[in-house]
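In this note's numbering, the protein residues as written are 2 to 300.
Note that CB positions come from ideal geometry on N, CA and C, so glycine has one too.
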């Protein structure tokens with residue numbers, strides 16, 4: 002039985018390549034004609050978070066929603082009256098404008114001045130109480146984050162000796178006591194850990210002589226790294242992940258860029274309020290591989 006091979010003629014190949022080029026050009030044109038997603042960002046935040054990370058997140062969101070994502074970058078000392086002008090310079094008809102919580106007053110004012118433009122406020126771990134028509138307010142899912150942190154901490158106690166320390170600044174401690182602590186403990190218990198979890202207001206309360214299997218820094222206590230204990234650390238941070246200390250095991254990132262994709266999804270679905278889990282970054286440094294394999298399964 003002979004197999005007949007069909008030879009592709011050069012003119013057919015050229016025609017196919019030409020058609021593909023036309024299709025890509027049309028798609029690119031349509032993409033750029035679509036109204037963009039705008040994200041308000043301070044220059045100081047770009048330096049902290051990393052311009053490359055912002056570009057990567059913008060690309061992922063652009064690909065997911067097939068529309069441009071553009072940064073509205075302003076100086077940290079810019080007045081509220083500058084914000085509408087900065088937005089207008091980037092786009093006159095955006096799909097939506099995303100404001101970090103620190104610009105919530107500007108977001109409210111902008112929404113009142115531009116009622117046709119949807120405005121998203123990423124509340125983070127703060128509390129935005131004023132409800133304004135046209136605002137979409139999403140906050141960090143504290144309960145889910147601390148539950149996942151509890152799972153990770155419990156996994157670490159299977160290899161490292163000692164209890165678990167959680168350091169939260171007093172304001173957060175009181176605000177999230179009824180949410181964060183039970184969620185963290187539930188994660189520990191679900192993994193079968195029998196180690197005790199100790200909650201502190203500040204690093205000064207943590208005994209120098211204490212032996213810990215894991216330490217969680219929730220918004221404070223970064224000076225813990227100066228102790229050079231080598232204990233695995235879970236931390237909330239927006240810092241460029243290439244700059245975090247070596248004994249960082251996990252980073253929970255609830256920055257506007259980390260939450261952008263979920264925020265736009267909630268907005269597109271018409272959800273005026275909602276919660277978004279932080280993005281977990283896992284570092285394969287000097288920790289036991291058994292830990293890393295199990296921690297990577299936490300989502």
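#1: Residues in its own chain within less than 6 angstroms of residue 2 by CB, not counting five upstream and five downstream?
#2: Where residue 82 and residue 246 are concerned, what is the direct C-alpha to C-alpha distance, given to the nearest angstrom?
#3: From residue 152 to residue 145, what does the alpha carbon distance come to, in whole angstroms?
#4: Tell me the DSSP bridge mates of residue 125?
#5: Which partner residues does residue 42 have in the DSSP bridge list?
#6: Comparing alpha-carbon positions, which option in 93, 40, 84 lies nearest residue 70?
#7: Quick check: the segment 244-261 against the segment 273-282, are at least 3 beta-carbon pairs closer than 8 angstroms?
#8: Does DSSP put residue 245 in a helix, in a strand, or in coil?
#9: Quick one: is residue 212 buried, meaning 16 or more other Cβ sit within 10 Å of its Cβ, or exposed?
#10: Could you check where the beta strand (DSSP E) with residue 274 kicks off and where it finishes?
#11: Identify whether residue 65 lies in helix, strand or coil by the three-state DSSP scheme.
#12: According to DSSP, which residues form a beta bridge with residue 101?
#13: In this structure, does DSSP put residue 213 in helix, strand or coil?
#14: Residue 114: buried (16+ other C-beta within 10 angstroms of its C-beta) or exposed?
#15: Could I get the ranges of all uninterrupted alpha helix (DSSP H) runs contained in the segment 141-197, with 4 residues as the minimum, in chain order?
#16: Buried or exposed: residue 112, going by 16 or more other Cβ atoms within 10 Å of its Cβ?
#17: From 101, 182, 217, pick the residue whose C-alpha is nearest to that of residue 157; which is it?
#18: Suppose you measure from the CA of residue 169 to the CA of residue 110; what does that come to, to the nearest Å?
#19: Out of 98, 197, 238, which has the shortest C-alpha to C-alpha gap to residue 259?
#20: On the three-state DSSP scale, how would you describe residue 266?
#21: Tell me whether residue 90 is buried or exposed, calling it buried when 16 or more other Cβ atoms sit within 10 Å of its Cβ.
#22: Since residue 108 and residue 136 are thought to touch, with beta carbons under 8 angstroms apart, how far apart are those beta carbons, to the nearest angstrom?
#23: Can you give the Cα-Cα distance for residue 74 and residue 100, rounded to whole angstroms?
#24: The beta strand (DSSP E) with residue 234 in it runs from where to where?
#25: Within 10 angstroms of the Cβ of residue 149, are there 16 or more other Cβ atoms? Answer buried if so, exposed if not.
#26: Would you mind giving the Cβ-Cβ distance between residue 292 and residue 160, rounded to the nearest angstrom? I have them listed as a contact below 8 angstroms.
#27: Return yes when the Cβ of residue 65 is within less than 7 angstroms of the Cβ of residue 262, no when it is not.
According to the structure shown:
#1: Reliability fails at residue 2, whose pLDDT of 49 lies under 50, so the model's placement of it is uncertain and the value that follows must be treated cautiously. Excluding residues within five positions, none has a Cβ falling inside 6 angstroms.
#2: 39 angstroms
#3: 11 angstroms
#4: 140
#5: 74
#6: 40
#7: yes
#8: coil
#9: exposed
#10: 274-277
#11: helix
#12: 123
#13: strand
#14: exposed
#15: 143-158, 171-177, 181-191
#16: buried
#17: 217
#18: 33 angstroms
#19: 238
#20: helix
#21: exposed
#22: 7 angstroms
#23: 11 angstroms
#24: 234-237
#25: buried
#26: 6 angstroms
#27: yes
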